[in-house]
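Trainee: So that you can map any letter, position 21 of the sequence shown is 21 in the UniProt record's numbering, and since no number is skipped, the others follow by simple counting.
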Amino acid sequence: MIMSLEVEHRRIYTNGIWMHIAEKGQGPLILLIHGFPELWSCWVHQINHLSAHGYHVVAPDMRGYGDSDCPPHPSSYTLFHTVGDLIGLLDELGKEQAFVIGHDWGAEIAWHLCLFRPDRVKALVNLGVPYRPRSPQFKPSHYFTKYGRGFYISQFQEPGGAENSFSKYDSVTILKKFLLINAPDLLAAPPGVEIIDFLETPSLLPPWITEEELQNFLLASFRKLVSQGP
Numbered sequence: 001m002i003m004s005l006e007v008e009h010r011r012i013y014t015n016g017i018w019m020h021i022a023e024k025g026q027g028p029l030i031l032l033i034h035g036f037p038e039l040w041s042c043w044v045h046q047i048n049h050l051s052a053h054g055y056h057v058v059a060p061d062m063r064g065y066g067d068s069d070c071p072p073h074p075s076s077y078t079l080f081h082t083v084g085d086l087i088g089l090l091d092e093l094g095k096e097q098a099f100v101i102g103h104d105w106g107a108e109i110a111w112h113l114c115l116f117r118p119d120r121v122k123a124l125v126n127l128g129v130p131y132r133p134r135s136p137q138f139k140p141s142h143y144f145t146k147y148g149r150g151f152y153i154s155q156f157q158e159p160g161g162a163e164n165s166f167s168k169y170d171s172v173t174i175l176k177k178f179l180l181i182n183a184p185d186l187l188a189a190p191p192g193v194e195i196i197d198f199l200e201t202p203s204l205l206p207p208w209i210t211e212e213e214l215q216n217f218l219l220a221s222f223r224k225l226v227s228q229g230p
């Protein structure tokens with residue numbers, strides 16, 4: 001399936017950064033929030049389908065991804081920053097509310113958008129990440145203790161860890177390893193093995209994505225993510 005060329009692109013200044021958005025259609029706003037390691041283009045089929053059914057569909061490259069700004073310091077990527085980016089985006093679009101759909105890390109951001117600013121969300125659909133209530137007794141480091149060094153997020157905590165891992169492979173292989181995972185278990189490698197080496201590279205693409213889509217729409221912006229991740 002060839003992606004529609006009717007999707008429009010622009011950059012919007014929000015919350016101190018320039019955010020790239022892809023949009024199509026007229027009507028009530030649907031906001032699509034991608035995960036890791038993804039871009040706006042992971043939603044292209046949903047953009048085309050939903051816009052054809054009377055919606056204004058907007059899919060941003062989140063901060064640090066694709067053609068959006070990539071602040072260099074990790075402290076610029078808190079949930080307050082990423083949720084603030086979306087609030088500023090809604091303001092720039094002149095919309096009080098949006099239907100929100102999040103996937104993977106984007107689902108985590110979407111949950112907190114609802115938590116921080118429920119007045120700006122009309123309805124929510126999240127994929128892949130359940131809601132986890134915030135608690136002063138819980139710290140993200142508990143995940144690292146529970147799942148160990150093999151957990152992919154644990155491996156990416158050290159500065160330069162993700163970039164060094166990604167430098168081992170070309171962009172096509174990295175995308176296939178992460179986007180086409182077919183495993184029921186947690187995304188973790190055995191002791192002493194890097195997650196990027198542990199993940200298999202599928203020999204065949206599934207029917208929902210084509211080689212042309214990987215080459216022409218994902219890689220142009222994904223290379224920046226590989227060289228300096230969010």
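Glycine included, C-beta positions come from ideal geometry on N, C-alpha and C.
Bear in mind that the values here come from a model prediction, so they are computed numbers and not experimental data.
In whole angstroms, give me the CA-to-CA distance for Glu38 and Asp104.
Mentor: Locating residue 38 in the sequence shown gives position 38, counting from the first residue. Locating residue 104 in the sequence shown gives position 104, counting from the first residue. Taking the straight line joining both Cα atoms gives about 10 Å.
Trainee: Around the Cβ of Phe138, are there at least 16 other Cβ atoms within 10 angstroms (buried) or fewer (exposed)?
Mentor: Here residue 138 refers to the residue found at position 138 when the sequence shown is read from its first residue. Exposed, since its Cβ has fewer than 16 Cβ neighbours within 10 Å.
Trainee: Among all the DSSP beta bridges, which residues are the ones paired with Ile21?
Mentor: Counting from 1 along the sequence shown, the entry for residue 21 is found at position 21. Partner(s): Arg10 and Pro60.
Trainee: Given a cut-off of 8 Å, decide if Pro190 and Phe198 are closer than it, judged by their beta-carbon atoms.
Mentor: On the sequence shown, position 198 is the one that residue 198 refers to. On the sequence shown, position 190 is the one that residue 190 refers to. Against a cut-off of 8 Å, the Cβ pair of Pro190 and Phe198 comes out as a contact.
Trainee: Which residue marks the beginning of the beta strand (DSSP E) containing Asn126, and which one marks its end?
Mentor: Start at 1 with the first residue of the sequence shown, and residue 126 comes out as number 126. Residues Val121 to Leu127.
Trainee: Nearest to Gly102 by CA position, among Pro206, Trp111 and Arg134, is which residue?
Mentor: Residue 102 sits at position 102 when you count from the first residue of the sequence shown. Measuring from the Cα of Gly102, the nearest candidate turns out to be Trp111.
Trainee: If you reduce the DSSP assignment to three classes, tell me which class Ala110 lands in.
Mentor: Within the sequence shown, the letter at position 110 stands for residue 110. Ala110 falls in the helix class under three-state DSSP.
Trainee: Does the region 5-20 come close enough to the region 49-62 that 3 or more CB-CB pairs lie under 8 Å?
Mentor: Contact holds: three or more Cβ-Cβ distances are below 8 Å.
Trainee: Which one of Gly128, Ser165, Ala107 and Ala188 has the shortest CA to CA distance from Phe144?
Mentor: Within the sequence shown, the letter at position 144 stands for residue 144. Considering only alpha carbons, the answer is Ala188.
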